[in-house]
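Asker: Below you will find the structure I want to go over with you.
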Amino acid sequence: MTAHPGSSPDLASSQSAVAAPSSNSRQALRAALENIQPVHRASIGTLLTKAGVVTQADVRDALEEQKKHPEQRLGDVLVASGKVGNDRLYAGLAEQMGVPYVRLGEFDVEPAALAALPADIARARRVLPLMLHDGRLVLATDDPADGDALSALRFRAQRPIEAVLASPEDLDTAIAKHCPLFDDAKLLEEARDVVVRVVADPASPQEMAVQKPIIRLVNNILQNAVQRGASDIHVHPRETKAEVRYRIDGSLVPVGEISAVLIPAIVARVKVLASMDVAEHRLPQDGAIHMDTAHGPVDMRVSVMPAVFGENVVIRILDRSIGLRRLSDVGFTACDERRMRALLARNQGLVLVTGPTGSGKTTTLYAALSELNNGEYQIITVEDPVEFRIDGLVQIRARADIDYGFPTALRHILRHDPDVIFIGEIRDAETAKIAIESALTGHLVLSTLHTNSAVQTITRLVEIGIPPYLVTATLAGVLAQRLARRSCASCKVPEAVSPETREQLGVGPDEPFWRGKGCERCGGTGYKGRIATYELLEMSPALRALVHRGATIDELETQAVRDGMVKLVSQALALARAGTISLDEVLRVRLD
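Residue 322 in numbering that gives the first Met the number 0 sits at position 323 of the sequence shown, and the numbers go up by one each step.
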């Protein structure tokens, strides 16, 4: 690394200049590089305190919180608490490391710099070439101190490297913009022989799957999805082309189009990676991919299904960090976190988390298991498939194809003396009955169920054949949740809300709300990240009495609210009034 040690004496002014969407942003960065001064050896907490960004009390509180989560950095704890924004944090980190900080949203990247480093290398190393300066290639990275990586890049670029700091969010967005995932015309040129073989002999998928252009394309699609924080990858074949889309923050985002003639080769490559039958094109197949990325090891769940114009591919990206989260990370209010912890402290009973696919049920339940995984309990899980592997748990995969489904697995689990049982999903009456029996015989049982609201979960259990007296004897609580999309903080503007929407949600005609209008940081969607909105029901004596006499859903809901349940729409409205989500998002996630 050839970067000069030190820091800019007027970092804030140089940052705003660098971030400005004008033609002189490169000039501002050049000025910052020419005026680097000695490194500040103070801690990030001290630097932010001296700058007046946070108080000493804020730093003390963050240090106390960090003790509970030692894997988190102090700066990340301060950001999570809302005491400091990402920009101010990374400005402080840059000062601490003695390098300029660059906001990449509108930075005018120099084409000659991009040409100095191949796009696939930039994506793999998570760096972005910005410009050439005094014979050096200026690179944006989120880790300027990684000397080994910078040495490798210097060798690849055949010129000295100057590292500057960018936030991970900015970096991923800018890399996705300036280093295209694939160039279809170029790919077709490189894969000309592959295309000819596909047309001439469609029955050679194994040979197609090992062609270098196809390998590189599929790897780029997978790596880029992880880099952009996608939860799913969709490859959707059409008559003359195939569309690649990522699901980011709950929305499908178009990524690019590929000529349909290449789809058999791409699907074949995915099947090879997922250990599927490459020659089978008539039946759906499921598989899994494990790969190492710049973000660490990633597991992917793959589903391939035949369609009219070819095989449709959907890949679920499993975030291993979910297994490390705690209840405090889910987004509960202080009161509801206490109530949830009280439910988990029970030595028996059934606790259910409900909601549609993609509503964060697994995230919440793994956070609960992380709280219980302290060595005091024998915790056994049965899932299909096992999504996150956690040390300390006995995790079992149910496999219906060999007659080892949830009911069979649960019968064997009970012979292994569990304290806590986690069932991936209650899918049928038989599984529900065994879960109820387990809760009756001294086990805490956690599971999911597909219902619309917390109260409907009670009636659903009765509908699938559980007698009301068993529901009242075993059910401890129900958490119904959805994931709402956060408004992008970088482009938040007042929201224009129709009178009909205000009337529907019961908000005043002059009450202000905000939404993202769309910018580079959020990919033009107006949303950045998601947050849980929920309702938490605890079974009270009054509720049990109503269930026992067969009360209606409305009666049960009225009683649950009296007992302290805050309805999901009210939780969502509180987030909208705080500016976290838009009012339209409240309308989208509400339960009624």
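Where is the CB? At the ideal position from N, CA and C, for every residue including glycine.
Check whether the Cβ atoms of L478 and L567 lie closer than 8 Å to each other.
Answerer: The sequence position of residue 478 within the sequence shown is 479, counting from 1. The sequence position of residue 567 within the sequence shown is 568, counting from 1. No; because the gap between Cβ atoms is not below 8 Å, this pair is not in contact.
Asker: Hey, G74 and I43 are a contact pair by Cβ (cut 8 Å); roughly how many whole angstroms apart?
Answerer: Here residue 74 is taken as the residue at index 75 of the sequence shown, counted from 1. Here residue 43 is taken as the residue at index 44 of the sequence shown, counted from 1. Between I43 and G74 the Cβ distance is about 5 Å, and since that is below 8 Å, they are a contact.
Asker: Please specify which runs of the alpha helix (DSSP H), each continuous and at least 4 residues long, are wholly inside the region 192-261, giving them in chain order.
Answerer: The region 192-261 is shown to contain whole alpha helix (DSSP H) runs of 4 or more residues at 204-208, 211-226, in chain order.
Asker: Secondary structure at N346, three-state DSSP: helix, strand or coil?
Answerer: Here residue 346 is taken as the residue at index 347 of the sequence shown, counted from 1. Note: N346 maps to coil in three-state DSSP.
Asker: Would A531 be called buried (16 or more neighbouring beta carbons within 10 Å of its own) or exposed?
Answerer: As a first step, residue 531 must be located in the sequence shown, where it is residue number 532. With 16 or more neighbouring CB atoms inside 10 Å of its own CB, A531 falls in the buried class.
Asker: Which word fits C334, buried or exposed, when buried means at least 16 other C-beta atoms lie within 10 angstroms of its C-beta?
Answerer: The count along the sequence shown starts at 1 and reaches residue 334 at position 335. The residue in question, C334, is exposed, as its Cβ has fewer than 16 Cβ neighbours within 10 Å.
Asker: Going by C-alpha distance, which of Q222, T239, S489 is nearest I232?
Answerer: Locating residue 232 in the sequence shown gives position 233, counting from the first residue. By alpha-carbon distance to I232, the top candidate from Q222, T239, S489 is Q222.
Asker: Quick check on this structure: which residue in D318, L364, V588, G359 has the alpha carbon closest to the alpha carbon of M339?
Answerer: Locating residue 339 in the sequence shown gives position 340, where the first residue counts as 1. It is L364 whose Cα lies nearest to the Cα of M339.
Asker: Suppose the cutoff is 8 Å on Cβ atoms and the five residues either side in sequence are ignored; what does the same chain contact list for G507 look like?
Answerer: By one-based count along the sequence shown, residue 507 stands at place 508. Cβ neighbours of G507 beyond the five flanking positions: R501.
Asker: Quick one, which of Q210, S369, H235 has its alpha-carbon nearest L251's?
Answerer: Here residue 251 refers to the residue found at position 252 of the sequence shown. It is H235.
Asker: Got a sec? Which residues, its chain only, sit under 6 Å from E109 by beta carbon, not counting five neighbours each side?
Answerer: For this step, residue 109 is matched to residue 110 along the sequence shown. For E109, where only same-chain residues beyond five positions count, the Cβ hits under 6 Å are M130.
Asker: Within 8 Å, do at least three Cβ pairs link the region 396-411 to the region 370-385?
Answerer: At 8 Å Cβ cutoff, the stretches touch.
Asker: Grab me the residues of H415's own chain with a C-beta within less than 8 Å of its C-beta, minus the 5 sequence neighbours each way, in chain order.
Answerer: Along the sequence shown, one-based indexing puts residue 415 at 416. Within the same chain, H415 has close Cβ partners Q377, I379, V393.
Asker: Go through its chain and collect everything with a Cβ distance to R135's Cβ below 8 Å, but skip five positions before and after it.
Answerer: Residue numbering aside, residue 135 sits at position 136 when the sequence shown is read from its first letter. Around R135: T1, R158, P159, I160, E161.
Asker: Applying the 10 Å Cβ sphere with the 16-neighbour rule, what's the burial state of P283?
Answerer: In the sequence shown, the residue the question calls residue 283 occupies position 284. Classification of P283: exposed, given that the 10 Å Cβ count is below 16.
Asker: Going by the beta-carbon positions, is the gap between V301 and I314 smaller than 8 Å?
Answerer: Residue 301 sits at position 302 when you count from the first residue of the sequence shown. Residue 314 sits at position 315 when you count from the first residue of the sequence shown. Yes, these two residues count as a Cβ contact at 8 Å.
Asker: How should P263 be labelled, buried or exposed, when 16 other C-beta atoms within 10 angstroms of its C-beta is the threshold for buried?
Answerer: Position 264 of the sequence shown, counting from 1, holds the residue named residue 263. Looking at its Cβ environment, which holds 16 or more other Cβ atoms inside 10 Å, P263 is buried.
Asker: From the DSSP output, in three-state form, read off Y100 for me.
Answerer: In the sequence shown, counting from the first residue as 1, residue 100 sits at position 101. Y100 falls in the strand class under three-state DSSP.
Asker: In angstroms with no decimal places, state the Cα-to-Cα distance between G286 and V266.
Answerer: Here residue 286 refers to the residue found at position 287 of the sequence shown. Here residue 266 refers to the residue found at position 267 of the sequence shown. Distance between the alpha carbons of G286 and V266 is about 13 Å.
Asker: Report yes or no: do three or more beta-carbon pairs, one from the region 463-480 and one from the region 237-248, lie closer than 8 Å?
Answerer: no
Asker: Looking only at DSSP bridge pairs, what is N311 linked to?
Answerer: Residue numbering aside, residue 311 sits at position 312 when the sequence shown is read from its first letter. Here N311 is bridged, per DSSP, to M304.
Asker: Can you tell me whether DSSP reads G44 as helix, strand or coil?
Answerer: Here residue 44 refers to the residue found at position 45 of the sequence shown. G44 falls in the helix class under three-state DSSP.
Asker: Say whether chain C places a C-beta atom closer than 8 Å to the C-beta of L439.
Answerer: The structure shown contains no chain C; it is built from a single protein chain.
Asker: Would you say the region 512-523 touches the region 479-497, given that touching needs at least three Cβ pairs under 8 Å?
Answerer: yes
Asker: Run through the DSSP bridge pairs and tell me what V470 is partnered with.
Answerer: As a position in the sequence shown, residue 470 is number 471, starting the count at 1. The partner list for V470 (beta bridge, DSSP) is empty, contrary to what the question assumes.
Asker: Which full runs of the alpha helix (DSSP H) of 4+ residues lie inside the region 442-469, going along the chain?
Answerer: If we require 4 residues or more, the alpha helix (DSSP H) runs fully inside the region 442-469 come out as 453-462.
Asker: Roughly how many angstroms separate the alpha carbons of L343 and L164, rounded to a whole number?
Answerer: Locating residue 343 in the sequence shown gives position 344, counting from the first residue. Locating residue 164 in the sequence shown gives position 165, counting from the first residue. Between L343 and L164, the C-alpha separation is close to 42 Å.
Asker: Give me the Cβ distance between D562 and L542, rounded to the nearest whole Å; I'm assuming they're in contact under 8 Å.
Answerer: Working through the sequence shown from its first residue, we reach residue 562 at position 563. Working through the sequence shown from its first residue, we reach residue 542 at position 543. Their Cβ separation, rounded to whole angstroms, is 7 Å, which keeps D562 and L542 in contact under 8 Å.
Asker: Between I552 and the rest of its own chain, which residues show a CB-CB distance below 7 Å, the 5 nearest in sequence each way excluded?
Answerer: Translated into the one-based positions of the sequence shown, residue 552 becomes position 553. Only V454, Q455, T458 meet the Cβ criterion.
Asker: Tell me the residue span of the alpha helix (DSSP H) that contains Q71.
Answerer: Counting from 1 along the sequence shown, the entry for residue 71 is found at position 72. Where Q71 is concerned, there is no enclosing alpha helix (DSSP H), given that its DSSP letter is neither H nor E.
Asker: Run through DSSP, which three-state label would M275 get?
Answerer: The residue labelled residue 275 in the question sits at position 276 within the sequence shown. In the structure shown, M275 sits in coil (DSSP, three-state: anything other than H, G, I, E or B).
Asker: In the DSSP output, what is R636 paired with across the bridge?
Answerer: No answer is possible for residue 636: it lies beyond the span of the chain, which begins at 0 and ends at 591.
Asker: Taking the alpha carbon of V470 as the point to measure from, which residue in P498, P99, K432 has its own alpha carbon closest?
Answerer: As a first step, residue 470 is located in the sequence shown; it is residue number 471 there, counting from the start. The option with the nearest alpha carbon to V470 is K432.
Asker: Measuring only the C-alpha atoms, how far is P253 from A224?
Answerer: To locate residue 253, count along the sequence shown from 1; it is residue 254. To locate residue 224, count along the sequence shown from 1; it is residue 225. Whole-angstrom Cα-Cα distance: 12 Å.
Asker: From I422 to G255, what does the alpha carbon distance come to, in whole angstroms?
Answerer: One-based indexing of the sequence shown puts residue 422 at position 423. One-based indexing of the sequence shown puts residue 255 at position 256. For the pair I422 and G255, the Cα-to-Cα distance works out to about 38 Å.
Asker: Less than 7 Å between C-beta atoms, sequence neighbours within five positions excluded: which residues of the same chain meet that for I214?
Answerer: By 1-based counting over the sequence shown, the position of residue 214 is 215. Taken in chain order, the residues that qualify are R268.
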